[in-house]
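*Asks:* Terminal number for the sequence shown in the numbering used here: 163, no gaps in between.
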Amino acid sequence: MLPEPARSAGPPAAILGAAAAAAEPDGVRRAAARLAGLGPGLTPSGDDYLAGFAAAWVLAAAALGRGGQAGAAVQDALVRGAAPGASPLGRAWIAHAARGEVAEPLARFLTALLGGPPEALAGS
Numbered sequence: 040m041l042p043e044p045a046r047s048a049g050p051p052a053a054i055l056g057a058a059a060a061a062a063e064p065d066g067v068r069r070a071a072a073r074l075a076g077l078g079p080g081l082t083p084s085g086d087d088y089l090a091g092f093a094a095a096w097v098l099a100a101a102a103l104g105r106g107g108q109a110g111a112a113v114q115d116a117l118v119r120g121a122a123p124g125a126s127p128l129g130r131a132w133i134a135h136a137a138r139g140e141v142a143e144p145l146a147r148f149l150t151a152l153l154g155g156p157p158e159a160l161a162g163s
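1. Following the continuous alpha helix (DSSP H) through Glu143, name the residue where it begins and the one where it ends.
2. Which class does Ala53 belong to by DSSP, given the choice of helix, strand or coil?
3. Tell me whether the beta-carbon of Arg119 lies closer than 8 Å to the beta-carbon of Arg68.
4. Quick one: what's got a C-beta closer than 8 Å to Gly76's C-beta in the same chain, skipping five residues either side?
5. So which of Val113, Leu145, Pro144 and Gln108 has the shortest CA-CA distance to Pro64?
Below, the structure is given as structure tokens:
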């Protein structure tokens, strides 16, 4: 059986993905608000999920040429929705991830995953 934070995260995580794919900022904001702060710790699991989603969203949008105004609206809605409930560190990570500012190994991994050259995983 899944721990409570994982059970609680399922529905808003599904809504977040669907709303982002449909470029519906209000849905993104509401889902982010439900995930922010979910779970224990310095950066609760919900905050970590939102930061990871934001990073993947930004890098995927750039790789697929779908950033633009709709992509920016989704990023902004995610950051605004998460802000009230996220931990201070979680808020910072989510904001940075929404700008595409992630650790270099993560950026290389996501770039390779999105069709970049496998050599991207080798690092520098």
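Think of the CB as a built atom: it goes at the ideal place given N, C-alpha and C, for glycine as much as any other residue.
*Replies:* Here's the rundown:
1. Stepping through the sequence shown from its first residue, residue 143 is reached at position 104. Where Glu143 is concerned, the enclosing alpha helix (DSSP H) stretches over Glu143 to Leu152.
2. Translated into positions along the sequence shown, residue 53 becomes position 14. Three-state result, Ala53: helix.
3. The residue labelled residue 119 in the question sits at position 80 within the sequence shown. The residue labelled residue 68 in the question sits at position 29 within the sequence shown. Cβ distance < 8 Å, so Arg119 and Arg68 count as in contact.
4. Along the sequence shown, read from residue 1 onward, the residue named residue 76 stands at position 37. Cβ neighbours of Gly76 beyond the five flanking positions: Pro83, Gly85, Asp86, Gly124, Ala125, Ser126 and Gly129.
5. For the purposes of this step, residue 64 is taken as the residue at position 25 of the sequence shown. Checking every option, the nearest Cα to that of Pro64 belongs to Val113.
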